[in-house]
Structure formats: C-alpha cells, structure tokens
Amino acid sequence: MIKKEIYKEMKQKYGKVSSWAVWAPEQGTPKSNVGNLDMFENEDILDILDTGYVFVGLNVSGTEVNTNISDWRNFHSPNARHHDYKLRYALKGTKLWGSYLTDIIKLHADTNGENVISYMKKHPSEVKRNINDFEEEISFLSGTPVLVAMGDKVYNILKENLPHDKYTIIKIKHYSYTISKEDYRRELLQAIGEQ
-13 MIKKEIYKEM
-3 KQKYGKVSSW
7 AVWAPEQGTP
17 KSNVGNLDMF
27 ENEDILDILD
37 TGYVFVGLNV
47 SGTEVNTNIS
57 DWRNFHSPNA
67 RHHDYKLRYA
77 LKGTKLWGSY
87 LTDIIKLHAD
97 TNGENVISYM
107 KKHPSEVKRN
117 INDFEEEISF
127 LSGTPVLVAM
137 GDKVYNILKE
147 NLPHDKYTII
157 KIKHYSYTIS
167 KEDYRRELLQ
177 AIGEQ
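Residue numbers (my numbering): -13 to 181.
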C-alpha cells in the first residue's frame, strides 16, 4: 500500500516514465486490455500498490518519451506487438502484483538495447545521473525495495553502480525475450523465490 500523497507526487514526477504492476483483466486473448489504464483512476488502487519490489527495465523502448502520453502508460502498451502481456501474466495472483515498474535510463528512447548501452559507455556521466535519479525515484517507496532487473544489461548497470550493501538485486529475463508466457512466469517466480 502507498499513501495517497506519495502516489500523487510520484504520478506528477514519474507518471510519464514508470508505472505499477497492475493491469486490467484479459478479455478474450492474452494481449487484450493491456493498454487499459482505467484502474489508475480509482482510489482503491492505493490498496493494491506495493512498494516491496521494483521491476527495472533498461529504457523506454519507443518514441513515447517524446510525446504527451498518459500517466502510468509505460509497461502498459496498447500495441499488440509489444510483450507487456507476459509481465501481466507472470505477476497476476502473486505477491509481486502491484509492484513499481520503471526504467533505469530515463529520456533516452531506443528499441535497440545495444545502442543504449553503447551510448552510456560513451557518456559515463549520463549513467551516473540516471543512477542518482533512480535512487531519488525509489526513495519515495517505503524502505529499501528488492530490485528486479529485467535483463542482463539492466542487471549489470545496477550491480556496477549501486551500493552492494544497500540493495538486493535479482536478475530475470526481460518479458520481450522469446519464451512462452507460461515459461516466463515459471522462470520469473523461480528467480524471485515464489512458486
């Protein structure tokens, strides 16, 4: 659960680049209704949101960062080509439902993770700035959440730049990885330690 004031402040500061692991139910197909954001307009959402885990992606993968998108749209793409539905499927009915979702690199949209890493290697000050921004962002969450790195690239950035004695960092595959939604759920829950 999160306090209303904190939720509003996070929405104002991070609503365009982050979200929460809550999705509308499927309606017929696994990919249906992923882009529905209606649940975020209901105050009951505060009872569902959980600050114990933060799922971390690399960066916003499309051009959405440069447009006027809806708050909490990240990880809730209505585009059927995206794989956000796998994350919904993997987390539904678990203690991870309601977790915070964000990217470690903000405001650098690219669909190719190798390009993002190459850019960051050439601009180490950008990595430091993004790490500082990330730590400020998650400071809004109570306590020190477990960080769930979605993919090797994110895991390496977090391990190399965050204090080892402060954070627990777990690595999982990114949900865009070529794997069935059932296998993705099984592997994710195994990595987290929930069966």
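Where a beta carbon is used, it is the ideal one built from N, C-alpha and C, also for glycine.
message: For A10 and I31, I'd like the C-alpha separation in whole angstroms.
response: 12 Å
- prompt: Quick one: is D36 buried, meaning 16 or more other Cβ sit within 10 Å of its Cβ, or exposed?
  reply: buried
field: Endpoints, alpha helix (DSSP H) assigned at F120
entry: 110 to 124
field: 8 Å contact criterion, which K92 and D119 should meet: CB distance rounded
entry: 6 Å
- prompt: When you compare only the Cα positions, how much space is there between S63 and H109?
  reply: 29 Å
message: So for S4, helix, strand or coil by DSSP?
response: strand
- prompt: On the three-state DSSP scale, how would you describe M136?
  reply: strand
field: Contact set for I156: own chain, Cβ-Cβ below 8 Å, skip 5 residues either direction
entry: V132, L133, V134, A135, A177, I178
Separation of I165 from E(-9), as counted between CA atoms: 39 Å
field: D70 versus N101 - alpha carbon distance
entry: 21 Å
- request: Mind checking which residues open and close the alpha helix (DSSP H) that includes L32?
  value: 31 to 34
- prompt: What did DSSP end up calling L73 once you bin it into helix, strand or coil?
  reply: helix
message: Taking the alpha helix (DSSP H) that K167 belongs to, which residues open and close that run?
response: 167 to 178
- request: Alpha carbon to alpha carbon, how far is N45 from G84? Give it in angstroms, no decimals.
  value: 20 Å
- prompt: DSSP three-state call for V20: helix, strand or coil?
  reply: coil
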